[in-house]
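Chemist: One point on numbering: in my numbering, the residue at position 90 of the sequence shown is 99, and numbering is uninterrupted.
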Amino acid sequence: MTLIGVISDTHGLLREEIKELFKDCSMILHAGDVGRESVLEELRKFKPTVAVRGNVDYWAQSLKVKEIVEVQDKKILILHNIGELALDLKENNTDIVIYGHSHKAAIKKENGVLFFNPGSAGPQRFRLPITAGLLKIEGGNVAAEIVALK
Numbered sequence: 010m011t012l013i014g015v016i017s018d019t020h021g022l023l024r025e026e027i028k029e030l031f032k033d034c035s036m037i038l039h040a041g042d043v044g045r046e047s048v049l050e051e052l053r054k055f056k057p058t059v060a061v062r063g064n065v066d067y068w069a070q071s072l073k074v075k076e077i078v079e080v081q082d083k084k085i086l087i088l089h090n091i092g093e094l095a096l097d098l099k100e101n102n103t104d105i106v107i108y109g110h111s112h113k114a115a116i117k118k119e120n121g122v123l124f125f126n127p128g129s130a131g132p133q134r135f136r137l138p139i140t141a142g143l144l145k146i147e148g149g150n151v152a153a154e155i156v157a158l159k
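Laid out in structure tokens, this is it:
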């Protein structure tokens, strides 16, 4: 079983409770709008971290706008804005799409692909809840969970 921490839209704020939430995770996926390099530095000290560049991450030219990670034969595509998804997921054998941008946490399955937005773990905006996510991959099964933060 592999447990992955999923986070997005931190906008420069890394909450202390993230480390507790992600303590049993083997890696962290950040879906952009990191906000500050120090957020990534802290995450990377804690767990291996893959991050993509969001629309506010002008400082992060070294980050790609899209990343693909494979875990237990599952192909995970990470990008910030789902509206910029411009590829055939079936053709590319994508199993999971991790995204952010909207600050609205969501889990949905469409045509065999799991779409997972962990919501925003940064400063509260738009009266939306502050959230992060956990992705569990076990055998051929994938489960996503949205976790409310304080």
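All C-beta atoms in this analysis are idealised placements derived from N, C-alpha and C, irrespective of residue type, glycine included. All values derive from a computational prediction rather than experimental measurement.
(1) Please report the straight-line C-alpha distance between Ser47 and Thr58, rounded to a whole angstrom.
(2) Pick helix, strand or coil for Val48, following the three-state DSSP scheme.
(3) Between Ile139 and Ser111, what straight-line distance do the alpha-carbon atoms span, to the nearest angstrom?
(4) For Met10, I'd like the list of residues in its chain whose CB is within less than 6 Å of its CB, leaving aside the five on either flank, ordered along the chain.
(5) So is Gly149 buried or exposed if we call it buried at 16+ other beta carbons inside 10 Å?
(6) Start and end of the beta strand (DSSP E) containing Leu123?
(7) Mind reading off the beta-carbon distance from Ile13 to Val80? Whole number of angstroms is fine, and I expect it under 8 Å.
(8) If you follow the beta strand (DSSP E) that Lys83 is part of, which residue opens it and which one closes it?
(9) For Asp33, tell me which candidate among Ala60, Glu93, Lys56 and Ile87 has the shortest Cα-Cα distance.
(10) Let's see if you can read the secondary structure: which residues bound the beta strand (DSSP E) around Lys159?
(11) Does the stretch 17-35 touch the stretch 122-130, meaning 3 or more C-beta pairs lie closer than 8 Å?
Modeler: In short:
(1) Walking along the sequence shown from the start, residue 47 turns up at place 38. Walking along the sequence shown from the start, residue 58 turns up at place 49. When rounded, the distance between both Cα atoms is 13 Å.
(2) Counting from one through the sequence shown, the residue named residue 48 turns up at place 39. Of the three classes helix, strand and coil, the one that applies to Val48 here is helix, per DSSP.
(3) Reading the sequence shown from its first residue, position 130 is the one you call residue 139. Reading the sequence shown from its first residue, position 102 is the one you call residue 111. Roughly 12 Å separates the two Cα atoms.
(4) By one-based count along the sequence shown, residue 10 stands at place 1. For Met10, where only same-chain residues beyond five positions count, the Cβ hits under 6 Å are Glu147.
(5) For this step, residue 149 is matched to residue 140 along the sequence shown. Label assigned to Gly149: exposed.
(6) Counted from its first residue, the sequence shown places residue 123 at position 114. Its beta strand (DSSP E) spans residues Val122 to Asn126.
(7) Walking along the sequence shown from the start, residue 13 turns up at place 4. Walking along the sequence shown from the start, residue 80 turns up at place 71. Indeed, because the Cβ distance is near 7 Å, the residues count as touching under 8 Å.
(8) For the purposes of this step, residue 83 is taken as residue 74 along the sequence shown, with counting starting at 1. Segment Lys83 to Leu88, the beta strand (DSSP E) holding Lys83.
(9) Looking up residue 33 in the sequence shown gives position 24. Among Ala60, Glu93, Lys56 and Ile87, the Cα nearest to that of Asp33 is on Lys56.
(10) On the sequence shown, residue 159 is found 150 positions in, with the first residue counted as 1. That residue, Lys159, is in no beta strand (DSSP E); it is neither H nor E in DSSP.
(11) yes
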